[in-house]
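Colleague: Mind looking over this structure? Questions follow.
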Amino acid sequence: MKATRIAAAGAVAASAVLALSVPAFAHVSVQPEGTAAKGGYATVDFKVPNERDDASTSKLEVNFPTEHPLASVMPQPLDGWSVKVTKAKPAKPLTVHGKKIDEVVTKVTWTATGKGIAPGYFQKFALSVGQLPEDADELVFKAVQTYDNKEVVRWIEPQKEGEEEPENPAPVLALSAASEGDHHGSATAEDASDTSDDAKSAAKDTTEAAASSDSSDTTARVLGVVGIVVGVAGVAFGVLAGRRRTTV
C-alpha cells in the first residue's frame with residue numbers, strides 16, 4: 039500500500055512538472071522591422087503560427103484601429119497568398135502632411151492560394167503603415183485566423199492592466215518616441231529656401247574668388263610684360279649711350 043501511494047504521488051508530481059514545462063500556445067502577434075516611431079512610418083510583421091495538428095491556416099484578417107486610422111497601408115507580395123485591402127471613410131476628418139484624407143484602411147485580408155500555413159509552421163505577413171499617431175503609445179489590431187477545416191480563432195481580446203494575458207489576445211504594436219528623421223518627407227519650403235540661399239551664396243563666393251584670381255593673374259602678366267619692355271628699353275639705351283661715347 040505504501041509503495042502504491044509513493045508511486046501515485048510520484049505520478050502526480052511528474053504530471054505537475056510536465057504541465058509547468060509545456061509552453062503556452064503561441065498566438066498572432068505584430069512586431070516592427072526596426073522601430074515604429076510616433077508620427078512616422080514603419081514596416082510591421084504579423085506573425086501567425088499554426089496551432090493545430092490536423093489543419094492548415096488558410097486565411098488571416100487584420101482589422102485596423104478606428105480610433106487611430108492609418109491612411110497609408112501597403113502589403114508586401116507573398117507567394118502562395120492573395121491580399122485584399124479594405125478602405126472606408128474616416129469617422130473624423132483626417133489630414134496628413136496638410137492633405138485631407140478621404141479614405142483609411144479598415145482591414146487587410148490574406149487568403150491562401152496554395153497549402154497555407156501547415157501544422158508545425160508559421161508565416162509572417164508584412165505591411166508598410168503610416169502615418170503612425172503621435173498621441174498614442176500603442177496600436178491594437180484585432181486578427182481573425184481561419185483554418186481549412188472551417189475553424190475560426192478570433193485574436194481580439196484586449197490586455198487589461200494588472201491582469202493575466204487573455205486566452206486570445208489581440209496583436210499590439212508598441213510605438214516608440216519620435217526622434218529627428220522619423221518623419222519621412224517632412225522638409226519644409228523654408229528649409230528648401232534656406233538651402234537654396236546657401237547654395238547661391240556659395241556660388242557667388244566661388245565666382246568672386248575666381249574673378250579675383252583671374253584679375254590677379256592678368257595683373258601679374260601685365261606687370262611681367264611691362265618689366266620686359268622696361269628691361270629691353272634699358273639695354274637699348276645702354277647700347278646707344280656706349281656708341282655715342284665711342285664716336286666722341
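Residue numbers (my numbering): 39 to 286.
We put the CB at the ideal spot given by N, CA and C, even for glycine.
(1) If you run the structure through DSSP and keep just helix, strand and coil, what is Y159?
(2) For the beta strand (DSSP E) containing L116, name the first residue and the last one.
(3) Just confirm the distance between the C-beta atoms of V143 and V121, as a whole number of angstroms; I'd bet it's less than 8 Å.
(4) I believe L165 touches V111 by the beta-carbon criterion, under 8 Å. Please report the beta-carbon distance rounded to the nearest angstrom.
(5) Who are the Cβ neighbours of S59 in its own chain at under 7 Å, not counting the five residues just before and after it?
(6) Rounded to whole angstroms, what's the CA-CA distance from K10 to G118? Just pull it up for me.
(7) Based on DSSP bridge pairs, tell me the residues matched to A75.
(8) Could you check if K127 is buried or exposed, using at least 16 other CB atoms within 10 Å of its CB as the buried criterion?
(9) Go to N101, then tell me how far its beta strand (DSSP E) extends in each direction, as first and last residue.
(10) Shortest alpha-carbon distance to E105 belongs to which of A80, E176, P115?
Modeller: Considering the structure as presented:
(1) Translated into the one-based positions of the sequence shown, residue 159 becomes position 121. Shown here, Y159 sits in coil according to DSSP, grouped into three states, outside any helix or strand.
(2) Reading the sequence shown from its first residue, position 78 is the one you call residue 116. No beta strand (DSSP E) holds L116; DSSP gives it neither H nor E.
(3) Counting from 1 along the sequence shown, the entry for residue 143 is found at position 105. Counting from 1 along the sequence shown, the entry for residue 121 is found at position 83. Their Cβ separation, rounded to whole angstroms, is 12 Å, which puts V143 and V121 out of contact at 8 Å.
(4) By one-based count along the sequence shown, residue 165 stands at place 127. By one-based count along the sequence shown, residue 111 stands at place 73. Their Cβ separation, rounded to whole angstroms, is 6 Å, which keeps L165 and V111 in contact under 8 Å.
(5) Counted from its first residue, the sequence shown places residue 59 at position 21. Annotation note: pLDDT 36 at S59 (below 50); position unreliable, no value reported.
(6) This structure cannot settle anything about residue 10, because the visible part of the chain is limited to 39 through 286.
(7) Taking the first residue of the sequence shown as 1, we reach residue 75 at position 37. In the DSSP secondary-structure assignment, A75 is bridged to S214.
(8) For the purposes of this step, residue 127 is taken as residue 89 along the sequence shown, with counting starting at 1. It counts as exposed.
(9) Along the sequence shown, read from residue 1 onward, the residue named residue 101 stands at position 63. Secondary structure note for N101: its beta strand (DSSP E) is the uninterrupted segment 95-101.
(10) Along the sequence shown, read from residue 1 onward, the residue named residue 105 stands at position 67. Taking each of A80, E176, P115 in turn and checking the Cα distance to E105, the smallest one comes out for E176.
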